[in-house]
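Chemist: Sharing a structure with you now.
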Amino acid sequence: MRWGAVIVAAGSGKRMGARENKVFLPLGGKPILAHALAAFEACAAVESVVVVAAPGERERAAAVCAEAGCRKVSAIVEGGAERQDSVRAGLDALDTDGVLVHDAARPLITPEKIEACRRAAEACGAAALAVPVHDTIKVTDGRGWIVATPDRRTLWAVQTPQAFRREELAEAHRLAVADGFRATDDAMLLERLGRRVAVVEGDYANVKITTPEDLELAERLLTRRGNGRGTGEDSVAMENVKEHDMPEAGAESTEEADKPFVRKPDAIRIGQGFDVHRLAEGRPCIIGGVRIPHDKGLLGHSDADVLLHAIADAILGALALGDIGRHFPDTDPAYAGADSMMLLARVWALARERGYRLGNVDATVIAQEPKMAPHIPAMRANIARVLECDTERVSVKATTSERLGFTGRGEGIAAQAVVCLVGDVL
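Residue numbers (the numbering used here): 138 to 563.
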């Protein structure tokens, strides 16, 4: 897929108390817009960028692009009355297959997070950066009374960029206009059409500058990067940051994932994974992303794809990031019925962020029935697509247990996998 970006810079400075559009305010000696542009300029997979400027500010935006040396900017267009109108104008000026939509008011986005979001969308169709919510959130009745407290384990604070197939997002925008529907982000436009959007873990340093306090925080984060005390997404560790801007100490969801990424990965890392699921009536039998005709299916919190779960566990094992149950717990309703292709894509994004590509994967499905052989080519193709490799690097085998044990009695299906990860930087 060819990928482009729409950077929305058509806001204002009202909540900042500024007399000008906040994207032109200085941050570290450069306009806020210039920082966002630089991140996309450094992302090799993004071939063109459309900047959406506020009415009357195209020339000023063009000057920032020129001064920043942004060679990927293919167009600067005027936005509309609201953000949704501005994104639509940007989409009309872009001719790529995929699009990353980003708010210029998030200047500390990193090329690594842009790429992680893009890869997830390429595998799953749509993706959005987000971070786990650590505050307790209350729902009110509009009159100041608390009526509910949602489980914060299911809550994510969504960021940008968000990545989509360009035509799908453009169609969602057209339907929203026809229905008079207004969304607060682009993912919401696909959600209302029943489309699934994958969550890619973002970065607490990817702050949106809305108030003067946000700008002060961004200055401190940027200073930390410049002093070498943090790079990219790792720069969130700092003193004097408001408590609600940072994850809680010891929070389970960030125990390992928020540790600094390995910038010089090992040459080779190897992991093994194993998974088993019970067969039950009334469930689809999905293995390797392929729906296999059978009178029973695998029972689980997600779609129970035993093969993809074993591969995901092997990747996590190679990265020393725990197991699939820790990342996607069966107590979390967010993963009820989840597509395991999406779960595998999210695990693979963790490997790519740490500088790894696939050496090879060797997996075995252990089942008395149904027969796997007719479906193995499709399984290999699905896995290769998510892991961004040729099918020659993906081995899927099937065997029986000679009618011994739970698999032999047809009570369940097991899978095991070994994965070799190769560092991009040796």
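Glycine included, every Cβ here is placed at the ideal spot set by N, Cα and C.
Measuring straight from C-alpha to C-alpha, what distance separates residue 539 and residue 462?
Modeler: Between residue 539 and residue 462, the C-alpha separation is close to 30 Å.
Chemist: Does the pairing of the stretch 510-526 with the stretch 543-553 give three or more beta-carbon distances under 8 Å?
Modeler: With the cut-off at 8 Å, the stretch 510-526 and the stretch 543-553 do not touch.
Chemist: Of the residues 456, 187, 190 and 440, which one's Cα is nearest the Cα of residue 467?
Modeler: That would be 440, whose Cα lies nearest to the Cα of residue 467.
Chemist: Kindly indicate the opening and closing residues of the alpha helix (DSSP H) around residue 229.
Modeler: From DSSP, the alpha helix (DSSP H) with residue 229 extends over 220-229.
Chemist: How about the stretch 216-233 and the stretch 270-284: do they share at least three Cβ pairs that are nearer than 8 Å?
Modeler: With a cut-off of 8 Å, the stretch 270-284 and the stretch 216-233 do not count as touching, because too few Cβ pairs lie within range.
Chemist: Out of 205, 182, 252 and 143, which has the shortest C-alpha to C-alpha gap to residue 168?
Modeler: Minimum Cα distance to residue 168 is reached at 205.
Chemist: Going by alpha carbons, who is nearest to residue 347 out of 238, 242 and 406?
Modeler: It is 242 whose Cα lies nearest to the Cα of residue 347.
Chemist: Quick check on the DSSP output: the alpha helix (DSSP H) that includes residue 433 runs from which residue to which?
Modeler: Per DSSP, residue 433 belongs to no alpha helix (DSSP H) and is neither H nor E.
Chemist: Could you have a look at residue 343 and say whether DSSP puts it in helix, strand or coil?
Modeler: Correct three-state label for residue 343: coil.
Chemist: Report the three-state DSSP secondary structure of residue 334 (helix, strand or coil).
Modeler: Three-state DSSP puts residue 334 in coil, outside helix and strand.
Chemist: Are the Cβ atoms of residue 481 and residue 449 separated by less than 9 Å?
Modeler: The answer is yes: Cβ separation under 9 Å.
Chemist: Rounded C-beta distance between residue 87 and residue 185? I'm assuming under 8 Å.
Modeler: Given that the chain is displayed from residue 138 to residue 563, the structure contains no residue 87 and the question cannot be resolved.
Chemist: Do residue 177 and residue 209 have their beta-carbon atoms positioned less than 9 Å apart in this structure?
Modeler: For residue 209 and residue 177, yes; Cβs fall inside 9 Å.
Chemist: Would you list the residues sitting across from residue 428 in a DSSP beta bridge?
Modeler: Paired residues: 423.
Chemist: Tell me, please, which residues DSSP counts as bridged to residue 416.
Modeler: For residue 416, which the question treats as bridged, DSSP gives the partners 435.
Chemist: When the distance is taken between beta carbons, is residue 513 closer than 9 Å to residue 533?
Modeler: For residue 533 and residue 513, yes; Cβs fall inside 9 Å.
Chemist: Of all the options 272, 180 and 192, which has the alpha carbon lying nearest to the alpha carbon of residue 157?
Modeler: Answer by Cα proximity: 192.
Chemist: DSSP has residue 405 in a bridge; who is on the other side?
Modeler: Residue 405 pairs with 559.
Chemist: Since residue 239 sits in a beta bridge, which residues does DSSP pair it with?
Modeler: Paired residue(s): 144.
Chemist: Within the same chain, show all residues whose beta-carbon is closer than 8 Å to that of residue 351, passing over the 5 residues directly before and after it, in chain order.
Modeler: Closer than 8 Å at Cβ, skipping near neighbours: 344 and 345.
Chemist: Round the Cβ separation of residue 174 and residue 207 to the nearest angstrom and send it over; I've been treating them as touching at under 8 Å.
Modeler: Indeed, because the Cβ distance is near 5 Å, the residues count as touching under 8 Å.
Chemist: Could you spell out where the alpha helix (DSSP H) holding residue 452 opens and where it closes?
Modeler: Element bounds for residue 452: 443-456.
Chemist: Give the straight-line distance between the Cα atoms of residue 545 and residue 507, rounded to the nearest whole angstrom.
Modeler: About 11 Å.
Chemist: Would you call the CB atoms of residue 268 and residue 363 closer than 9 Å?
Modeler: No, the Cβ-Cβ distance between residue 268 and residue 363 is not below 9 Å.
Chemist: Pull up the CB-CB distance for residue 260 and residue 523, whole angstroms please, since I reckon it's below 8 Å.
Modeler: Right, their Cβ atoms sit about 5 Å apart.
Chemist: Cα separation between residue 349 and residue 356?
Modeler: Rounded to the nearest angstrom, the two C-alpha atoms are 11 Å apart.
Chemist: For residue 293, would you say it is in contact with chain B, using Cβ-to-Cβ distances shorter than 9 Å as the test?
Modeler: Among the protein chains of the structure shown there is no chain B, as only one such chain exists.
Chemist: Would you mind stating whether residue 422 and residue 497 have Cβ atoms separated by less than 9 Å?
Modeler: Not closer than 9 Å, so no.
Chemist: Where residue 318 and residue 528 are concerned, what is the direct C-alpha to C-alpha distance, given to the nearest angstrom?
Modeler: Near 42 Å, if we compare the C-alpha coordinates of residue 528 and residue 318.
Chemist: Classify residue 330: buried if its beta carbon has 16 or more other beta carbons within 10 angstroms, exposed otherwise.
Modeler: Classification of residue 330: exposed, given that the 10 Å Cβ count is below 16.
Chemist: Is DSSP giving residue 285 helix, strand or coil here?
Modeler: Three-state DSSP puts residue 285 in a strand.
Chemist: By Cβ distance, which residues of its chain are closer than 7 Å to residue 302, with the 5 residues on each side in sequence left out?
Modeler: Result list for residue 302: 234, 235 and 262, in chain order.
Chemist: Measure how close the beta-carbons of residue 240 and residue 321 come, nearest whole angstrom, since I'm counting them as under 8 Å.
Modeler: Not quite, the Cβ-Cβ distance comes to about 12 Å (not below 8 Å), so this is no contact.
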